[in-house]
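Colleague:
Residue numbers (full-length UniProt numbering): 1 to 364.
Here it is as structure tokens:
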């Protein structure tokens, strides 16, 4: 049997990585085009090992979607409802607390809160959601409202994004989730999410949050109309902001879900693309500590495989995820802590339970 020689172009990229040099978008395109997927994985694993050693992180968290009423018409969303449409809802204080109480356990570290851009309620509604949860669960981190939601709140309430974020922070907001980024090019956004924050507005929301002392998250929704170059431009824009603020904790590549769970294989991202994108994210985002493999999107087994493709985080227990499952996600809606530990140990890695800010709670 002949030995497979690493693609010559990867030798050049590997030398850059070993010297600690930043990869270019052109390098990233070579990583997407090479047939040597395992060569890409080896480099990503080397970089991740340099940063995180054998540790893989997870968190016990609860997803809360206070409203699904939304003014936007994103092409990929099955979660949103228009006012008065069947299935539309808006939780108020009593419903919110009842929702949390029914799903509560004392190990929950974080409330992950995203929802619709609901013009039927004032900005105070969103402030009060944070206040209410912080009042009743003062020790739980509030991770709430995407950069796109922050832009919507500002526009809807005739305020600046800084004013909005300052009020949310005063109400108890601790960090922003990474959603609403989709693909950070205007070509993509004009076609897929024309009613939401622009590339510059999404980045500005996070830059302001960083300036206010918050550490935040960043995502990329891949697998629809975007080119490979657009994915890399997205990563480059994030790392440019990270150079400036050092405010991002983790990058989460999210595989696009088809509109229905019955959708065929051709409507889903491939396992090769999912693993390659995790690995390329690790190699391109040299100033991010963590790349998260999101098991809700790519499934448990690919998430486990991703732990040798550069990822250092598998997210959390979730407890009833709704947004991916409102379209075509085939995964379960939650996992237990013991299942997460089992997944990580099965990859030969060390499970580390963390809080939102990557402080260690327990090593298994």
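We put the beta carbon where it would ideally sit given N, CA and C, even for glycine.
On the CB-based measure, 16 or more other CB atoms within 10 Å of its CB, does residue 288 come out buried or exposed?
Modeller: buried
Colleague: If I measure Cβ to Cβ from residue 344 and keep anything under 6 Å in the same chain, skipping five residues before and after, which residues do I get?
Modeller: Within the same chain, residue 344 has close Cβ partners 56, 351.
Colleague: Enumerate in chain order the residues of its own chain whose CB-to-CB distance from residue 275 is below 8 Å, with the five nearest sequence positions on each side excluded.
Modeller: 37, 41, 302, 305, 306, 309
Colleague: What is the DSSP secondary structure of residue 27, counted as helix, strand or coil?
Modeller: If DSSP states are grouped into helix, strand and coil, residue 27 belongs with the helices.
Colleague: Give the DSSP-derived three-state secondary structure of residue 114 in the structure shown.
Modeller: coil
Colleague: For residue 335 versus residue 284, is the C-beta spacing smaller than 8 Å?
Modeller: no
Colleague: Quick test of the definition: if touching needs 3 or more C-beta pairs under 8 Å, does the region 90-97 touch the region 121-134?
Modeller: yes
Colleague: Could you name each continuous alpha helix (DSSP H) segment of 4 residues or more that falls completely within the region 64-141, going from the start of the chain to the end?
Modeller: 93-103, 123-136
Colleague: Please list the terminal residues of the continuous alpha helix (DSSP H) segment that includes residue 277.
Modeller: 271-284
Colleague: Ignore the nearest five residues each way along the sequence and tell me which others in residue 347's own chain have a CB closer than 7 Å to its CB.
Modeller: 304, 307, 308
Colleague: Here's the rule: buried if 16 or more other CB atoms are within 10 angstroms of the residue's CB, otherwise exposed. What is residue 242?
Modeller: buried
Colleague: If you draw a straight line from the alpha carbon of residue 171 to that of residue 135, how long is it in whole angstroms?
Modeller: One C-alpha to the other measures close to 9 Å.
Colleague: Per the DSSP calculation, residue 62 is bridged to which residue(s)?
Modeller: 111
Colleague: For residue 312, which of 44, 26, 9 has the nearest alpha-carbon?
Modeller: 44
Colleague: Kindly list the residues whose CB is nearer than 6 Å to the CB of residue 12, restricted to its own chain and excluding five residues on each side of it in sequence; keep chain order.
Modeller: Answer for residue 12: no residue qualifies.
Colleague: Which first and last residues belong to the alpha helix (DSSP H) in which residue 150 is found?
Modeller: Here the alpha helix (DSSP H) through residue 150 covers 147-157.
Colleague: For residue 223, which residues of its own chain have a beta-carbon under 6 Å away from its beta-carbon, when the five flanking residues on both sides are left out?
Modeller: 255, 256, 269
Colleague: Can you tell which of 98, 282, 364 has the C-alpha that lies nearest to the C-alpha of residue 51?
Modeller: Looking only at 98, 282, 364, the smallest Cα-Cα distance to residue 51 is reached by 282.
Colleague: In chain order, what residues of the same chain lie with their CB nearer than 7 Å to the CB of residue 18, ignoring the 5 residues before and after it?
Modeller: Cβ neighbours of residue 18 beyond the five flanking positions: none.
Colleague: Opposite residue 291 in the DSSP bridges: which residues?
Modeller: 251
Colleague: From the DSSP output, which residues share a beta bridge with residue 351?
Modeller: 56
Colleague: Taking three-plus beta-carbon pairs below 8 Å as touching, is the region 199-216 in contact with the region 243-252?
Modeller: yes
Colleague: How about residue 117 and residue 63: do their beta carbons lie closer than 8 Å?
Modeller: no
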